[in-house]
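Participant: Going by the numbering used here, the residue at position 235 of the first sequence is 568; the numbering climbs one at a time, nothing skipped.
Heads up, the beta-carbon is just placed ideally off N, CA and C, and yes, glycines get one too.
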Amino acid sequence: MIAPKYFRDDIDVLKNALLHRGEDPKIADDIMRMDMRLRELKKKLDDLRKQRNEKGKLIPKLKKEGKDTEELLSELKELAETIKSYENELETLEEKLKNALYRIPNIPHESVPIGKDETENRVISEYKGIEPLSQNPIPHWEIGEKLDIIDLKVAANLSGSRFYLFKNFAAKLERALLNFFLKENEKKGYMEILPPYLVKEEILYGSGQLPKFRDELYKTQDDLYLIPTAEVPLANLHRNEILNEDDLPLKYMSFTPCFRREAGSYGKDVRGIIRLHQFHKVELFKFTTPETSYDELEKMREDAEDLLKKLNLTYHVVALCTGDLGFSAAKTYDLEVWAPGVKRWLEVSSISNTEDFQARRTMTRFRRKGQKRPLYVHTLNGSGLATPRVFIAILETYYKDDGTIEIPDVLKEFM
RNA sequence: GGAGGGUUAGCCUAAUUGGUAAGGCACCGGAUUUGAAAUCCGGCGGGCUCUGCCCUUGGGGGUUCGAGUCCCUCACCCUCCGCCA
């Protein structure tokens with residue numbers, strides 16, 4: 334959530350940010366107008382409440398002295414009604430302002446390239462892994478069928494399209510990958526959290542999925558939502574807390590399934606297991622101070638890259654442009670792995686600094702030594718990493734023409 | 001699902017028939033000290049346009065001039081019963 338007070342002097346900063354993201358900048362005017370009226374109302378209410386408190390204290394005093402309180406009581410009754418009506422107006426306005434603010438995306442960092450959509454993203458580095466072991470790499474679904482380890486037909490019978498079912502070697506390889514990720518990340522100081530997979534609505538407001546992306550979420554009859562990523566529970570881990578500066582940065586990771594409705598992606602990635610309603614991911618998450626968050630972003634990117642390097646896979650790093658940036662992010666790197674069978678770059682990690690955007694929504698703060706006022710932390714998230722997309726790259730890269738799959742060395746202990 | 005008990009600032013604990021949240025511990029800063037302990041002073045929920053004011057007793061609502069206190073409702077925790085991997 335953005336803070337209106339930062340734009341009081343220069344509303345164009347906000348308008349430009351909205352423009353670069355492809356949003357209507359007009360909403361900025363509405364917000365500043367509401368912000369101004371809100372402050373007026375608060376001031377007015379403060380004064381009225383002060384009057385009420387001061388005069389109310391006189392009542393027991395007058396009674397003790399045996400004096401008549403009737404006149405004062407009727408005055409106070411009127412005052413109470415005035416206060417009530419201002420309170421009603423304030424409440425309505427706060428609701429309206431919050432509603433508007435909840436729908437404003439984060440302000441892009443100055444280093445983010447300006448662009449309208451994903452075509453203007455920038456590839457900033459490329460890592461060359463092992464050459465495909467097959468002369469003529471084939472798509473993972475063909476490998477899966479040949480070896481009888483992926484059964485999309487049964488998955489469709491059980492759950493419909495965009496679900497997968499792994500058998501035997503495939504099931505083991507996916508599990509090995511996830512265990513490998515967890516072990517490597519733990520070495521880098523991320524503490525493992527196993528969170529609930531069902532969360533309350535307000536938790537999704539905190540991380541930024543709601544109110545704008547309701548269509549992407551599965552909701553249960555008890556008004557709990559299936560998490561689309563472990564970022565959701567992790568971002569809310571220290572909700573309403575004031576952390577110690579000495580404890581920062583806090584580094585967490587979670588392995589969870591991720592559930593996404595993928596509404597509006599009909600006809601996209603229909604073959605194979607590239608786009609799914611359920612997949613698995615190890616998520617990395619950090620709570621940092623404002624001045625270290627961009628260094629921590631680079632470190633998190635290196636941590637995620639390290640996993641792909643150890644698997645010896647070809648990948649590149651993409652700096653997202655303003656038009657392709659996610660709602661909560663101020664800056665994002667995508668890691669895309671090369672899948673030689675489908676001949677495509679597949680996004681396996683999206684690493685973002687949300688600055689204080691989520692912290693404002695979740696009220697996650699820290700106190701600096703010797704300072705009274707608590708400050709908002711910065712939060713960062715990134716996959717480290719997601720299956721089965723990494724699985725796809727491994728299958729298509731390590732499949733040999735003799736019909737066997739070589740297992741990367743680092744995975745052997747997990748098989 | 002049913003019955004009962006509970007929730008006051010990081011923790012612990014008060015608050016006459018309803019009168020405007022009192023203390024303790026811990027922690028932080030300062031004084032004192034060769035240093036430490038002890039002691040003393042100050043701070044120790046949040047916000048603001050900050051000499052001051054407003055809000056804050058699990059959340060929301062109601063009664064009232066005024067609610068920690070009375071009423072309704074929800075959440076969470078504990079105990080027991082039932083069901084259950």
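1. Quick check: what's the CA-CA separation for H353 versus E517?
2. Verify whether the separation of the beta carbon atoms of D602 and R594 is less than 9 Å.
3. Say whether the segment 646–665 touches the segment 454–464, bearing in mind that this needs 3 or more beta-carbon pairs closer than 8 Å, one atom from each stretch.
4. What does a CB cutoff of less than 7 Å around T402 pick up in its chain, not counting 5 residues either side in sequence?
5. Of the choices G539, E443, K449 and V615, whose alpha-carbon is the least far from that of E507?
6. With respect to the alpha helix (DSSP H) encompassing P566, which residues constitute its N-terminal and C-terminal limits?
7. Where do the N-terminal and C-terminal ends of the alpha helix (DSSP H) with L351 fall, by residue?
8. Under 9 Å between the Cβ atoms of E578 and F499?
9. Taking contact to mean at least 3 C-beta pairs separated by less than 8 Å, is the segment 560–567 in contact with the segment 446–456?
10. Taking the beta carbon of E424 as the centre, do at least 16 other beta carbons fall within 10 Å, making it buried, or is it exposed?
11. In three-state DSSP terms, what is G715?
12. Which residue from F660, E387, I344 and E478 puts its Cα closest to that of D368?
13. Quick check on S683: does DSSP put it in helix, strand or coil?
14. Tell me the rounded alpha-carbon separation between I526 and K705.
15. Which partner residues does Y530 have in the DSSP bridge list?
16. Which residues bound the alpha helix (DSSP H) around M586?
17. Would you decide whether A488 is buried or exposed? Buried here means 16 or more other CB atoms lie within 10 Å of its CB.
18. For my contact list, E638 and L713 are in at a C-beta cut-off of 8 Å; report their separation, rounded to the angstrom.
19. Assuming L409 contacts K388 under a Cβ cut-off of 8 Å, what Cβ separation, rounded to an integer in Å, is found between them?
20. Contact between the segment 543–550 and the segment 618–633: three or more CB pairs below 8 Å?
21. With the cut-off set at 9 Å, would you say L744 and L510 are in Cβ contact?
22. Where does the unbroken beta strand (DSSP E) through L617 begin, and where does it stop?
Facilitator: Working from what's here:
1. So the alpha carbons of these two residues sit roughly 37 Å apart.
2. No, Cβ-Cβ distance for D602 and R594 is not below 9 Å.
3. Verdict: yes, contact present.
4. Cβ within range, chain order: I392, L395 and K396.
5. For the residues G539, E443, K449 and V615, the minimum Cα distance to E507 belongs to V615.
6. For P566, the uninterrupted alpha helix (DSSP H) run begins and ends at E564 to A568, by DSSP.
7. Per DSSP, L351 belongs to the alpha helix (DSSP H) from I344 to H353.
8. Pairing E578 with F499 gives a Cβ-Cβ distance that is not under 9 Å.
9. With a cut-off of 8 Å, the segment 446–456 and the segment 560–567 do not count as touching, because too few Cβ pairs lie within range.
10. Answer is exposed; the Cβ neighbour count stays below 16.
11. Secondary structure at G715: strand, using DSSP grouped into helix, strand and coil.
12. Considering only alpha carbons, the answer is I344.
13. In this structure, S683 counts as strand in the three-state DSSP scheme.
14. Annotation: I526 to K705 spans about 31 Å, alpha carbon to alpha carbon.
15. Its beta-bridge partners do not exist; DSSP assigns none.
16. Unbroken run through M586 is the beta strand (DSSP E), L583 to F592; no alpha helix (DSSP H).
17. Buried, because 16 or more other Cβ atoms sit within 10 Å of the Cβ of A488.
18. For a cut-off of 8 Å, the C-beta gap from E638 to L713 is around 15 Å, too long to register as a contact.
19. About 6 Å; that satisfies the 8 Å criterion.
20. Contact between the segment 543–550 and the segment 618–633 is absent, because fewer than three Cβ pairs lie under 8 Å.
21. Taking 9 Å as the Cβ cut-off, L744 and L510 qualify as a contacting pair.
22. Per DSSP, the unbroken beta strand (DSSP E) holding L617 starts and ends at Q611 to T621.
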